[in-house]
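Remarks on the structure that follows.
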Ligand code: SF4
Ligand code: SF4
Ligand SMILES: [Mg+2]
Ligand SMILES: [Mg+2]
Ligand SMILES: [Mg+2]
Ligand SMILES: [Mg+2]
Ligand SMILES: [Mg+2]
Ligand SMILES: [Mg+2]
Ligand SMILES: [Mg+2]
Ligand SMILES: [Mg+2]
Ligand SMILES: [Mg+2]
Ligand SMILES: [Mg+2]
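Protein chains in written order, with our numbering: chain E, 9 to 385; chain A, 9 to 385; chain V, 419 to 493; chain C, 419 to 493; chain L, 294 to 632; chain X, 294 to 632.
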């Protein structure tokens, strides 16, 4: 059944319904509607399916702050790099995506090449297993991600506690999505006609957590899954709202997302983390949008165990990540894009993670030597 | 001036005096005189100069227990190998010669290849410097050697103490030469007409320490240096005694060896070491012939810090090291020599150190495919 | 940051809080500490970073697809 | 086991108990804690395992060689 | 050496050029690679040359782990260089092999690797005629590295070159993509995945020689190793100045490879292959070539995956939905992601 | 890459076959090794061959440290393979070079090494026409390893072979022994010796080509690398079944090399050389060859060191005193001893 959701024939038929609807919406708005996805995995799925090119002219899709790597503050990135550089006796555990993220002067990949120990883990559970198997090593796991990921990291702390490991700690840079969307939607310059909501974040938070998008800001929103059909359905449901002049927060992913979300995951998150004010790249300080470990787990809190001070450093000169993440410009409008900033030598963090707005754009939708004209063919 | 001592022209002229004298002695004895050198470095010097071949027929030179590697007990060797194998967190420091010495089942070289950390040092002082420079490592220095070497190792303990290093210790297998010569000379089967005494051991002990050779056992002895001229002089002085029917312990190395030896070195040895009963390969237990660290230095005594038990293992089957070291046979008389026992795969320890009796014999005086006949040409 | 993989449960160990799921013919052990509901083989889970984050309602998926067929035929 | 290398003293530091000796044109720093006698540049030392174990009496060496010349010419 | 139970691993001394090195050569390399031209105790091997064009190629193999489902570093080292010659239109003749071995490496494993090399050479009809062995200390290599260099004669009929590519040419591959890279990744990372992916590691020269003889319309071949289909296609596109248009739906990828790459956030188009190559062929011969590959060479998953269009050196992928996206060179080795 | 101060070291990504590998090739290898045949973006390099006999030789270079007095690993890698061809009687033409680089290796050092290779090639008149680069993680290599493979044509006049050796032939070397091995050892071990020994690392092919043209009595040549004079002479003796008789007094060894080896308990006859070779030549040409080497090639320390006698494959050294000892193959790399 799930395979049916990625059936290209079904996709093409839906597309044939979607495009006329998008044209109708464009006619109503006097321009193509602009929808923003706020999940990096949506960004990837859109790019890999070629959906953006198929809708070109009738509907525009933009990437918001949905890639945790991209929204992580430069100072936070510098901190973990500084820790890796200063403490070759530590094992820095991380998801693969953080490896090449550029700090002000270096990256984890660079520091690994200089002797830092950096291990890539697929799951924080593996990092705990590693710590248990290497009692002479001290593992610091880099906790990056939204509500989807934070519970798994909380469980890793629980596992380390129950196994009485003294050599495992977490450096938590976790963030919460609804909080930053409030800031995003409050921006008077923002011109977004609908939000594609992150299906897996919503699996944890529940649909209701995003009701404010439509109730408070009067912006149509749809919780979306990640198959091509899911994404087209989300676009369809958003277009329907625009055409009918409604603004609701619709659950377009009911096979997984519930009204209240995953209560157990929410409880565990609450038990281990507390909301704190944190910096978001491009958004500045967003009150209560970060997740720090509760004080009673300070034994497992790398921020407490291995405090690092880094001098404040300006964001990379010329990087327009902030505007990209707010949907004000597309990546190719950034003056550095594809010139000084490429996936190989990223200037800004949006170019680093493959799901970063600029990296996905670079990888799938743009080419140095090619023209952009005829790629829909 | 010292260069003159290795002048081959002078050597050849001396040789022309030495050979007739040796023939005279042989005539008196009814067979060529047999002299034994009891220093591995003498063994090497004789081999490398080709002296044995030049004297063949008129004088025979044999190697005694002069190579500390060769006389080290199998059990002691097993101990250090076991330590290296069990404790990959230790750094085993050693002189180059011990690296390939075979224990019952392995060697330091084998254990290094399996992950043990083995560092070669030229001087125990370097081992202390290494320990100071690697405070997270624990260095165990393998103290092997006679009176010449023991003071240097004692000084390394002194240096570690004065620098307050907690990560340096010594595994002392040091032995004393006069003690074992007493045992050697007491052997009624021994047929040795003169002893070439170890010049550098005597530098520390003094000539008088070896007076017993002639006074108690009535064997002529000469303290010898290491240049070809020195060795020929020693042979000359021994032959002179034989021809004139005397037995004295003559100092043939007066430019370095004093009657009482090096008092400072003797004091330091006494301060740090105490005589203990130890096993010698081929000789069995020799009372009071080993040097163990004094109890008050037990912090630096690897035997105390890292005790190892190894099961007693028989000496390698068929190895005739004992008889070689006692001068009863020459290496090529051993049934394993050059067959199962080669420098590449030594069975007995005499085959390991380049200065070992069998190894020197193999390397310089014998060849698998060649005949032994005409090598004097 | 929220790559989720759907998988069909083939084995459950509630006591040790894990299940083996099969996705695209591949089996993997995942943590189920975040799942409140009962699990039996044949259930579908959404897996993220080694943990199941939710149970997939296959009935909903079916309804969803039927709805599309209706819409597509409506024309 | 007693490889000794003769070397000519070119520098002495009694306080720190080392000397620099030259052998065969090569210089090396060696410990002199075992040497009782005074050392001045030009002296010769016998070095083993990084430490000087004795001072070489060059006069003795000369006498020794002269003795040989006598013996050799005696014939 | 082999008979003594305590002499089961390579020591630094086996690399010192002395007696142990000599024994190592005799007991392993000369024994398995035996042929008239090989005599590793001389400085160089000598062979007769004919007038013509020769191809030479070299590659270092550092794969971790050294044994993997479907092959080992030895088989890989032979296939890799043979295939570089093969796709260049050459008939591989001779290889050299140079080993860097980490102290402590078991002789048993070394023997398996050497036997595997010898076996692969036999299958492909090439000989190893010169070699070298070095041993480095613990932590100065990862078990064993092998560099092979191969020489061969260009096949008289072959006429391969970037400049021959023109709009309308068809793009073929000889089978499923991504298996080797994924097999290696799964062995290396303890991901706890219960699925066996088999490397496609295989020598291609016999096949390429035959197809080059029969199909004069073949304009370019490329083995799809490091960087996978995407990177290699992009390199060719940039060098030839034409565009590649590939069809996502036509790309042969095994279901299990598809599944696992999705699971790990990887793209099979960037995974290395070791027995797969891309062929650019004139349109009129494409169909017959495909049939020939599938039927005569049992390459049942051989596919036409796209075509060449006039352009500027880009590679486009037509998505299943009918959209398009670009493929660029790989930037950073594929890593398991959770995003 | 070179212009960014924070991009000064090699990363694993430089070896993934993607964009960074591409850049690495462009910025370093293609830049320095530039020639018509080299294009490392193709699978193989192509060159024209003539009828005749070709020689091929390969060696891996793992020297530690990578920079040493008198050379570096790059110069060594070029000289080593050129010299193996040269002493085989071949005129070296082309090299391939394959690199295994440890993550974190500075580009500045890599560039020095590559420039040094390019320079040595220029001096010797050879070209690097194919290559490969792999990057391995920290602790999986020691900075950089290079494998070179060389091909060349056998000189028509050269007639070298073990079977030609006969009693009465003379044995020559072209200069002082032991410098390279000792230079390396002194760099590696912190022995606190205040003396600069310079490696003799040098390409020999131009010299060997000339002497082979002039001296038809040359029967065998051998570069005296790993294992030194003793091991190499023993190998030749064993392969040819004759005995070598070398004169200790005739062996050219620099005073400082003599001194330091004595100090450390080493034997210079077992130390590696990288610009020295042994020549076995018919007696009647020995004198003239020696004169030619000394005068026309400024090989002032070239010496006749012994001769060949009927025998059973042994190497004898006549000691200065007039005695004799045997030289065998090295058994275990030379280590500083105190005994
Ligand atoms: S292209 Fe680079 S510099 Fe520009 S916004 Fe994106 S990440 Fe920032
Ligand atoms: S040859 Fe070997 S086995 Fe025989 S006595 Fe010597 S060391 Fe022992
Ligand atoms: Mg050679
Ligand atoms: Mg190649
Ligand atoms: Mg290749
Ligand atoms: Mg070689
Ligand atoms: Mg390793
Ligand atoms: Mg290739
Ligand atoms: Mg070679
Ligand atoms: Mg060579
Ligand atoms: Mg290559
Ligand atoms: Mg290293």
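For each residue, glycine too, the CB sits at the ideal point set by N, CA and C.
Chain X partners of residue 121/E, CB-CB under 8 Å? 302, 303, 304, 305, 396, 397, 431
Ranges of the beta strand (DSSP E) found wholly within the stretch 426 to 477 of chain V, counting only runs of at least 3: 436 to 441, 444 to 449, 462 to 466, 469 to 474
So, does the CB of residue 440/X fall closer than 9 Å to a CB anywhere in chain A? no
I want to check one thing, is the minimum distance from the CB of residue 328/A to the heavy atoms of ligand 2 below 8 Å? yes
Starting from residue 626/X, find everything on chain L with Cβ-Cβ shorter than 7 Å and list it in chain order. 305, 306, 309
Just to confirm, does residue 352/E get its C-beta within under 8 Å of one of the non-hydrogen atoms of ligand 1? no
Just list the residues that DSSP pairs residue 440/X with in beta bridges. 353/X, 391/X
Helix, strand or coil: which one does DSSP assign to residue 11/A? helix
Quick one: which chain V residues come within Cβ less than 8 Å of residue 485/L? 446, 447
Hey, does residue 296/L have any beta-carbon neighbour from chain V nearer than 9 Å? Low per-residue confidence applies at residue 296/L: pLDDT is 34, beneath 50, and the placement is therefore not dependable, though the value from the model is reported in the following sentence. By this cut-off, residue 296/L is not an interface position.
Sort out for me which residues DSSP pairs residue 147/A with in a bridge. 99/A, 176/A
Taking 8 Å as the cut-off, is the beta-carbon of residue 376/X closer than that to any non-hydrogen atom of ligand 10? yes
DSSP on residue 331/E, reduced to helix/strand/coil? helix
Within this structure, are the beta carbons of residue 344/E and residue 328/E separated by less than 9 Å? yes
Anticipated Cβ contact below 8 Å, residue 488/X with residue 443/C, distance rounded: 7 Å
When the Cα of residue 260/E is compared with those of 211/E, 144/E, 318/E, which residue comes out closest? 211/E
Between which two residues does the beta strand (DSSP E) containing residue 226/E stretch? Neither: residue 226/E is in no beta strand (DSSP E) and is coded neither H nor E.
Quick check on residue 316/L - is its C-beta less than 9 Å from some C-beta in chain A? yes
Taking only three categories from DSSP, how would you classify residue 464/L? strand
Are residue 564/X and residue 470/X close, meaning C-beta to C-beta below 9 Å? yes
Beta-carbon of residue 421/V versus every beta-carbon of chain L: anything under 9 Å? yes
If you reduce the DSSP assignment to three classes, tell me which class residue 142/A lands in. coil
Whole-angstrom Cβ separation of residue 395/A and residue 355/A, contact assumed at under 8 Å? Absent from the model: residue 395/A. The displayed extent of chain A is 9 to 385, so no value can be given.
Strictly below 9 Å CB to CB, what residues from chain C border residue 317/A? Going along chain C, no residue has its Cβ under 9 Å from residue 317/A, so there is no contact; the nearest lies around 27 Å.
Report yes if the C-beta of residue 359/A is less than 8 Å from at least one heavy atom of ligand 2; otherwise report no. yes
Nearest residue (CA-CA) to residue 369/E, options 626/L, 542/L, 621/L, 625/L: 621/L
Cβ pair count under 8 Å reaching 3, the stretch 354 to 367 of chain X against the stretch 456 to 464 of chain X: no
Indicate the three-state DSSP secondary structure (helix, strand or coil) for residue 382/A in the structure shown. The pLDDT assigned to residue 382/A is 25, lower than 50, so where the model puts this residue is not dependable; a value taken from the coordinates is nonetheless given after this. Coil, per DSSP.
State the Cα-Cα distance for the pair residue 33/A and residue 50/A, rounded to the nearest angstrom. 22 Å
I need the boundaries of the alpha helix (DSSP H) containing residue 161/E, first residue and last residue. 158 to 170
Got a sec: which bits of the stretch 446 to 474 of chain V sit with their beta carbon under 9 Å from any beta carbon on chain E, in order along the chain? 448, 449, 451, 452, 453, 454, 462, 464, 466, 467, 468, 469, 471, 472, 473, 474
Please look up how many angstroms separate the CB atoms of residue 221/E and residue 246/E, rounded, as I've assumed it's under 8 Å. Not really, about 11 Å apart at Cβ, beyond 8 Å.
Are residue 625/L and residue 311/X touching if we call contact CB-CB under 9 Å? yes
Delimiting residues of the alpha helix (DSSP H) encompassing residue 531/L: 521 to 533
Close Cβ partners of residue 568/L (< 6 Å) along its chain, the five nearest in sequence each way excluded: 493, 494, 495
For ligand 10, is there any heavy atom lying closer than 8 Å to the beta carbon of residue 352/X? yes
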